[in-house]
Each structure stands twice: as structure tokens, then as C-alpha cells.
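Residue numbers (the numbering used here), protein chains in the order written: chain S, 1 to 173; chain F, 1 to 223.
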């Protein structure tokens, strides 16, 4: 009599059964050990979200049609390190009274753009000669293809005469 | 799909005989708990290895958040424990596992001792086992400092002074261990390097030897 060939009704041999049982137990143990590591590793995913608004300037500080540089500090929590990060924005008050707050970071490769240039293109990036209009739209043919990123503006603070800036978002090319 | 992939590789590299060689080995009746429950004492070595594996895995993941620096070490450990998802679980695995490794390893050693398994021709494996014991104690000693809290600091202070009590060369051993005259930044980086680079390398080599020898010589006979 050969145990290995002994089969039950479904045709599962003893060897097969033991293989499954051992494999299943092993897989369960491996999973028990490794499962906690997954949430542990992906933890940063739940920390990246919309930031709060930070008051950067007063509405009355701006005149229509000329971008003005505004500096403000944001409290940043980076793991166990908390710091106040200095950020700046180029704020344009448009004809209709709405505001456009642009990040000074070039959309090509991340240098700081300079503002206040003469002519059609108000912004210039010294790294690879990208030019942008005062609305942040890149000049055709320059390395940057996307307009300058914008800060979200808090509408409620705007009614109180304050310009409060929030998360940065991209604009389409 | 899985079977096809395996067959494709096996056809080219002939891996089946390799893992068969490793996996298929005789388990003598006297070490099989299915025959006699008291044979579970023969599982202690394997259980030690299982816990060592969880230590390696949990340690690798803890290293994603931990910094071996006196300014940030405590805060990074606090961050792991209080803020990271399941951080307390992963740190807990490493914390409790550390004690469990030593307990299991000690039980394994007692089993080997009382079954007389260290006797000829297995003396060398006992020697390697004792080296593994020392490496694991080193893991415990160096790992204890890493959270850089009061308990860690003073325990290491005591350990360093015990090392300093060695005749003649003691004070020099202490300086080398601590990385200076006093416990500080250099102690922490030293202990971290020893804990995560030097000792794991030594442990893996020694475990390799340990397993090679037990497979070569087989499990010792019944009492």
C-alpha cells in the first residue's frame, strides 16, 4: 500500500493536501509578519494634502495690472522636523478685480524666475532663458511649456480685504 | 501561469534539483512532534531563525524613519511610535522580537545541551552557535541605545563602564566602543553602524555556516 497514492473522493492525494496545508500556513505566517509593513511604508501618502491658507498681504497693497512680489511664511511639518518656510508669490490684480497669485518657480526645471522686466514678457528665468508674460504664460519657443503655477486664494479672506494663499496647483499649457 | 513561468525557468536552469536538495531532507522520528509531542523542543532553533527574520524585516522598515543622530533620534522614534500608521506595531515587533530572539536562542541552546547534541562530530556547530549567541547579544546591546532616551543612555553608560573594567586594556576598549571620552553623537552613529551593518553581515555568515553544518551532519540521534 502506498500512502502517497491514496486519494479521497475528490482525488486529493495526501501529499497534495500536506503541500497545501504547509503552503497555506507558511503564507499566513509570512503575511502576518509583512502586512504591518505596508501601511507603515505608505504612511506619507496620507500626509500630502491641501495645506491651510496663510495670510500673505492686504488687498489694498496691489494696483491693477502690475505683478507684485509678496513674501510670506508657512509653517511646515516635515516628519519630526517643524519649520517656518519662507515662500514668495507674484500677485497680479486683474482688470476685473480678481487676483492671480503665481509661484516664482520656473515650470521648466525649477529655478526662480525674476520679475519686473520691460516689454511683453514680465518674468525671466535666468537658468534657461524662459520668458513669461505678467499672467505667467510662457513665450512660444522657450524651454518652459507650462504657465507659472498658482497659489489657491482664500475667497473668504478676500472679502475681509486680506490676501490669503494656499496650495499650489498647476495650470494647463 | 505560475506553473508555466516556473517550468520555463526550470527547463533552462534546472532549479528543481537545487531546491529539492535544500528542502527534501529526512526528519527523524524522534524530532517529529507528530510522533511525540515532547519533540517540539527541536523546533526552538527554527523558531529563533523565524524571529530573526522578523527582526530583519521590521528593522529594514524602521530604518525608513529612524535617524542615528543625537538631535533627531529620539524625535524620529517618537514619530514612528506616535504618528506613522502602525508604527507602534512595527516598532513593537522589533522591540518584543529582540527579547524573544534571546529567549528562543537560549531555549535552543538548552535543548542542544541536554540532548548532548554538541558532542562529536558536532563540536564545530556548537562553537558557531556560541558565536551567534555573542552576535545576538551585540545586537541587543547596540540596539538598546538607538532610541536615545534616558533608559538607552544610562544602560549604555553602564555597559561601556563594564567594558572598561577589563584589566589593562579596559579604558581603551571603552574609548573605541563609545567613540570618545564620553557618550555622545559618535557613540550613537557607531552603535547604529554596528547594529545595522556589521552585526547583520556577521550573523548571516554565521547562520549560513550553522545551517550548512546541520544539513551536512544531520540531526543528532535519539536519547
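For every residue, glycine included, the Cβ atom is placed at its ideal position computed from N, Cα and C.
Are the Cβ atoms of residue i and residue j separated by less than 8 Å?
i, j, result
"residue 151 of chain S", "residue 136 of chain S", "no"
"residue 160 of chain F", "residue 178 of chain F", "yes"
"residue 78 of chain S", "residue 84 of chain F", "no"
"residue 120 of chain S", "residue 133 of chain S", "yes"
"residue 104 of chain F", "residue 129 of chain F", "no"
"residue 129 of chain S", "residue 113 of chain S", "no"
"residue 139 of chain F", "residue 195 of chain F", "yes"
"residue 88 of chain S", "residue 104 of chain S", "yes"
"residue 163 of chain F", "residue 174 of chain F", "yes"
"residue 115 of chain F", "residue 47 of chain F", "no"
"residue 72 of chain S", "residue 56 of chain S", "yes"
"residue 164 of chain S", "residue 53 of chain S", "yes"
"residue 124 of chain F", "residue 206 of chain F", "no"
"residue 66 of chain S", "residue 161 of chain S", "no"
"residue 55 of chain F", "residue 122 of chain F", "no"
"residue 61 of chain F", "residue 107 of chain F", "no"
"residue 147 of chain S", "residue 138 of chain S", "yes"
"residue 115 of chain S", "residue 69 of chain S", "yes"
"residue 168 of chain S", "residue 154 of chain S", "no"
"residue 65 of chain F", "residue 74 of chain F", "no"
"residue 219 of chain F", "residue 33 of chain F", "no"
"residue 183 of chain F", "residue 157 of chain F", "yes"
"residue 111 of chain F", "residue 18 of chain F", "no"
Could you check where the alpha helix (DSSP H) with residue i kicks off and where it finishes?
i, result
"residue 153 of chain F", "150 to 164"
"residue 110 of chain F", "87 to 114"
"residue 202 of chain F", "199 to 217"
"residue 76 of chain F", "73 to 82"
"residue 40 of chain F", "First-last for residue 40 of chain F: undefined, no H or E at that position."
"residue 39 of chain S", "37 to 42"
"residue 134 of chain F", "123 to 145"
"residue 11 of chain F", "2 to 13"
"residue 291 of chain F", "The first residue shown for chain F is 1 and the last is 223, placing residue 291 of chain F beyond what the model contains."
"residue 187 of chain F", "185 to 193"
"residue 171 of chain F", "170 to 178"
Tell me whether residue i is buried or exposed, calling it buried when 16 or more other Cβ atoms sit within 10 Å of its Cβ.
i, result
"residue 19 of chain S", "exposed"
"residue 148 of chain F", "buried"
"residue 1 of chain S", "Model confidence at residue 1 of chain S stands at a pLDDT of 44, short of 50, so the residue's coordinates are unreliable; what they give is reported in the following sentence. Exposed is the call here."
"residue 221 of chain F", "exposed"
"residue 77 of chain F", "buried"
"residue 135 of chain F", "buried"
"residue 3 of chain S", "Low per-residue confidence applies at residue 3 of chain S: pLDDT is 49, beneath 50, and the placement is therefore not dependable, though the value from the model is reported in the following sentence. By the neighbour-count rule (16 or more Cβ atoms within 10 Å), residue 3 of chain S is not buried but exposed."
"residue 94 of chain F", "buried"
"residue 28 of chain S", "exposed"
"residue 31 of chain F", "buried"
"residue 15 of chain F", "exposed"
"residue 210 of chain F", "buried"
"residue 165 of chain F", "exposed"
"residue 228 of chain F", "There is simply no residue 228 of chain F to check, as chain F begins at 1 and stops at 223 in what is shown."
"residue 102 of chain S", "buried"
"residue 181 of chain F", "exposed"
"residue 208 of chain F", "exposed"
Does the ligand ZN have a heavy atom nearer than 7 Å to the CB of residue i?
i, result
"residue 154 of chain F", "The ligand ZN is absent from the structure shown, which contains no ligands of any kind."
Could you tell me the boundaries of the beta strand (DSSP E) in which residue i lies?
i, result
"residue 184 of chain S", "Absent from the model: residue 184 of chain S. The displayed extent of chain S is 1 to 173, so no value can be given."
"residue 78 of chain S", "68 to 78"
"residue 124 of chain S", "123 to 125"
"residue 58 of chain F", "Per DSSP, residue 58 of chain F belongs to no beta strand (DSSP E); it is in the alpha helix (DSSP H), 44 to 62."
Sort out for me which residues DSSP pairs residue i with in a bridge.
i, result
"residue 165 of chain S", "S:54 and S:153"
"residue 32 of chain F", "Residue 32 of chain F is not bridged to any residue."
"residue 101 of chain S", "S:91"
"residue 64 of chain S", "S:93"
"residue 112 of chain S", "S:105"
"residue 130 of chain S", "S:125"
"residue 138 of chain S", "S:132"
Residue i versus chain C: which residues are under 7 Å apart at the beta carbon?
i, result
"residue 43 of chain S", "Of the protein chains in the structure, S and F, none is chain C."
(message) Does the stretch 131 to 151 of chain F come into contact with the stretch 168 to 179 of chain F, if we say contact requires no fewer than three beta-carbon pairs (one atom in each stretch) closer than 8 Å?
(response) no
(message) Quick check: the stretch 51 to 62 of chain F against the stretch 85 to 100 of chain F, are at least 3 beta-carbon pairs closer than 8 Å?
(response) yes
(request) Take every Cβ of the stretch 4 to 22 of chain F, pair it with every Cβ of the stretch 79 to 94 of chain S, and state whether three or more of those distances are shorter than 8 Å. (result) no
(message) For the stretch 12 to 32 of chain S against the stretch 22 to 38 of chain F, do three or more pairs of beta-carbon atoms, one drawn from each stretch, fall closer than 8 Å, so that the two count as touching?
(response) no
(request) Determine, using beta-carbon pairs with one atom in the stretch 75 to 90 of chain F and one in the stretch 33 to 41 of chain S, whether at least three such pairs fall under 8 Å. (result) yes
(message) Assess contact between the stretch 186 to 193 of chain F and the stretch 61 to 76 of chain F, defined as three or more Cβ pairs (one per stretch) separated by less than 8 Å. Is contact present?
(response) yes
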